[in-house]
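Undergrad: Numbering (my numbering), first residue to last: 268 to 627.
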Ligand code: UD1
């Protein structure tokens, strides 16, 4: 019997681990899956809502880590997770994505000689100012199994000296979750609640430290958004990091064409994305979700670690210059809907491919 510890910590982890846990549960005689939540994210709407929406069973173990500086958060996770590993003695630890919980748990496990599997390996923005880029490089450097979502990831891993035998191109577990929940999300009443009509609004998300922790940059992006709001209404669920950095009297919060909300649950957010005319975002995962949904995505960053969303999907990397953002939005509003291609293996079966690797 394989005892496998699966890690979640921050919001984008929940939708990635859900299909993996579900698949592991199909092999009760062979796999004993355990779910550990570091609680890097702990708010109702950053964490608990997702367990309900995704029907992800409650974690077996909580680490109670919470917020902090990078060193504090990473160190606290390592201290608490080491105790769990020593007690549970698992055969494998599965980590997903690129958040602080990912590297902290991977590093703790390898030091105890426990193999690690990294789901979403090999993505690179080649921008080491992003905390996620450091987390990705380090996690891949110490993982035994590297599960990739797109062909470029393998090229990046080879360039870092990884061996063919460790790399498994399995597809995208986040898309497994999207495809499974699309019908349920279609029934969400979020649009009516926010008084929005399908294809008559743009959806905005912002949370990257390089965009929202720098006041000048944040103001510059929001100035562009106010101009965009003269052409189309803008729905804006606000991440806690961004909320902290917005002045209480920020004009963005008073603009009647900008509908700001607390962070939304998975199903409401999926509905809001599906029905948007376009999406403006600095998130990684949303670039992939819009590609599957065929919704134009303008990425407010200078790079992407997910190039397949540009070469095959509906994503355009437009940067953060206000004029450029406004131009790209106008261009997109005048276009008929672009239907990107669906990248290989983004077919709902990625988790199945991952789990087969462990039991074959
Ligand atoms: C983290 C991830 C990022 C991911 C994002 C998704 C890292 C380095 N970054 O960034 O890759 O895209 O999650 O959301 O791991 N806070 C709350 N409630 C919560 C959690 C956080 O209010 O439940 C506030 C805290 O004040 C905290 C701040 O948000 O200081 C930032 O949280 P943190 O986990 O440090 O990073 P994120 O910006 O959320």
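Just so you know, even glycine gets a beta-carbon here, dropped at the ideal spot from N, CA and C.
Remember, predicted model here, so these are calculated numbers, not experimental data.
Going along the chain, which unbroken runs of the beta strand (DSSP E) with 3 or more residues stay wholly within the segment 307-385?
TA: Listed in chain order, they are 359-363.
Undergrad: Distance check for residue 406 and residue 369, CA to CA, integer angstroms please.
TA: The sequence position of residue 369 within the chain shown is 102, counting from 1. The sequence position of residue 406 within the chain shown is 139, counting from 1. Approximately 7 Å, taken between the alpha carbons.
Undergrad: Can you find a heavy atom of the ligand UD1 that lies under 7 Å from the Cβ of residue 399?
TA: Looking up residue 399 in the chain shown gives position 132. Checking the Cβ of residue 399 against the ligand UD1 gives yes.
Undergrad: Who are the Cβ neighbours of residue 488 in its own chain at under 8 Å, not counting the five residues just before and after it?
TA: Against the chain shown, residue 488 aligns to sequence position 221. Here the set comprises 473, 478, 567, 587, 589 and 592.
Undergrad: Mapping the DSSP letters down to three states, classify residue 508 as helix, strand or coil.
TA: Here residue 508 refers to the residue found at position 241 when the chain shown is read from its first residue. Note: residue 508 maps to helix in three-state DSSP.
Undergrad: Would you check whether the ligand UD1 has a heavy atom nearer than 7 Å to the C-beta of residue 345?
TA: Position 78 of the chain shown holds residue 345. No - the ligand UD1 has no heavy atom lying nearer than 7 Å to the Cβ of residue 345.
Undergrad: Would you call the segment 374-389 and the segment 406-425 touching, i.e. three or more CB-CB distances under 8 Å?
TA: With a cut-off of 8 Å, the segment 406-425 and the segment 374-389 count as touching, because enough Cβ pairs lie within range.
Undergrad: Is residue 508 near the ligand UD1 - that is, is its Cβ less than 7 Å away from at least one heavy atom of it?
TA: Taking the first residue of the chain shown as position 1, residue 508 is located at position 241. Yes - the ligand UD1 has a heavy atom lying nearer than 7 Å to the Cβ of residue 508.
Undergrad: Taking the beta strand (DSSP E) that residue 583 belongs to, which residues open and close that run?
TA: Taking the chain shown and counting its residues from 1, the one referred to as residue 583 is at position 316. Residue 583 -> beta strand (DSSP E) spans 582-584.
Undergrad: Please report the straight-line C-alpha distance between residue 372 and residue 484, rounded to a whole angstrom.
TA: Taking the first residue of the chain shown as 1, we reach residue 372 at position 105. Taking the first residue of the chain shown as 1, we reach residue 484 at position 217. Cα to Cα, residue 372 sits roughly 33 Å from residue 484.
Undergrad: Taking C-alpha atoms, which residue in 522, 457 and 286 lies nearest to residue 532?
TA: Residue 532 sits at position 265 when you count from the first residue of the chain shown. Looking at the Cα atoms, 457 is the closest of the given residues.
Undergrad: Should residue 327 and residue 301 be called a contact, given that it needs their Cβ atoms to be closer than 8 Å?
TA: Residue 327 sits at position 60 when you count from the first residue of the chain shown. Residue 301 sits at position 34 when you count from the first residue of the chain shown. In contact: residue 327 and residue 301 (Cβ atoms closer than 8 Å).
Undergrad: Would residue 306 and residue 335 qualify as a contact pair, given that the criterion is a beta-carbon distance under 8 Å?
TA: Looking up residue 306 in the chain shown gives position 39. Looking up residue 335 in the chain shown gives position 68. Not in contact: residue 306 and residue 335 (Cβ atoms no closer than 8 Å).
Undergrad: Taking residue 383 as the reference, give the member of 397, 461 and 434 with the closest Cα.
TA: Here the question's residue 383 lines up with position 116 in the chain shown. Answer by Cα proximity: 434.
Undergrad: Kindly list the residues whose CB is nearer than 6 Å to the CB of residue 545, restricted to its own chain and excluding five residues on each side of it in sequence; keep chain order.
TA: Start at 1 with the first residue of the chain shown, and residue 545 comes out as number 278. The answer, listed in chain order, is 469, 563 and 599.
Undergrad: Are residue 325 and residue 317 touching if we call contact CB-CB under 8 Å?
TA: Counting from 1 along the chain shown, the entry for residue 325 is found at position 58. Counting from 1 along the chain shown, the entry for residue 317 is found at position 50. Not a contact, by the Cβ cut-off of 8 Å.
Undergrad: Please work out which residues of its chain come closer than 6 Å, Cβ to Cβ, to residue 491, disregarding the five sequence neighbours upstream and downstream, and give them in chain order.
TA: To locate residue 491, count along the chain shown from 1; it is residue 224. The answer, listed in chain order, is 589, 592 and 593.
Undergrad: Output the boundary residues of the beta strand (DSSP E) element that contains residue 412.
TA: Working through the chain shown from its first residue, we reach residue 412 at position 145. Run containing residue 412: 412-415, per the beta strand (DSSP E) assignment.
Undergrad: Quick one: what's residue 275 bridged to in DSSP?
TA: Here residue 275 is taken as the residue at index 8 of the chain shown, counted from 1. Answer is 304, bridged to residue 275.
Undergrad: At a threshold of 7 Å, does residue 327 count as lining the ligand UD1 (C-beta to nearest heavy atom)?
TA: Residue 327 sits at position 60 when you count from the first residue of the chain shown. Result no, Cβ not under 7 Å from the ligand UD1.
Undergrad: With a Cβ-Cβ cutoff of 8 Å, do residue 366 and residue 280 count as a contact?
TA: Translated into the one-based positions of the chain shown, residue 366 becomes position 99. Translated into the one-based positions of the chain shown, residue 280 becomes position 13. Yes; because the gap between Cβ atoms is below 8 Å, this pair is in contact.
Undergrad: For residue 543, tell me which candidate among 561, 585 and 285 has the shortest Cα-Cα distance.
TA: Sequence index remark: in the chain shown, residue 543 carries index 276 (1-based). Here the closest residue by C-alpha is 561.
Undergrad: Check whether the Cβ atoms of residue 570 and residue 576 sit closer than 8 Å, and answer yes or no.
TA: Translated into positions along the chain shown, residue 570 becomes position 303. Translated into positions along the chain shown, residue 576 becomes position 309. Taking 8 Å as the Cβ cut-off, residue 570 and residue 576 do not qualify as a contacting pair.
Undergrad: Leaving out the 5 sequence neighbours to the left and right, which residues in its chain are closer than 6 Å to residue 519 when beta-carbon positions are compared?
TA: As a first step, residue 519 is located in the chain shown; it is residue number 252 there, counting from the start. If we look at residue 519 and ignore the five residues flanking it on each side, its Cβ neighbours are 489 and 525.
Undergrad: Please classify residue 425: is it buried, with 16 or more other beta-carbons within 10 angstroms of its beta-carbon, or exposed?
TA: Locating residue 425 in the chain shown gives position 158, counting from the first residue. Flag for residue 425 reads exposed.
Undergrad: Are there any heavy atoms of the ligand UD1 lying less than 7 Å away from the beta-carbon of residue 366, as far as the coordinates show?
TA: One-based indexing of the chain shown puts residue 366 at position 99. Yes, Cβ of residue 366 sits closer than 7 Å to a heavy atom of the ligand UD1.
Undergrad: Can you round the beta-carbon distance between residue 440 and residue 617 to whole angstroms, since I take them to be within the 8 Å contact cut?
TA: For the purposes of this step, residue 440 is identified with residue 173 of the chain shown, where counting begins at 1. For the purposes of this step, residue 617 is identified with residue 350 of the chain shown, where counting begins at 1. Confirmed, about 5 Å.
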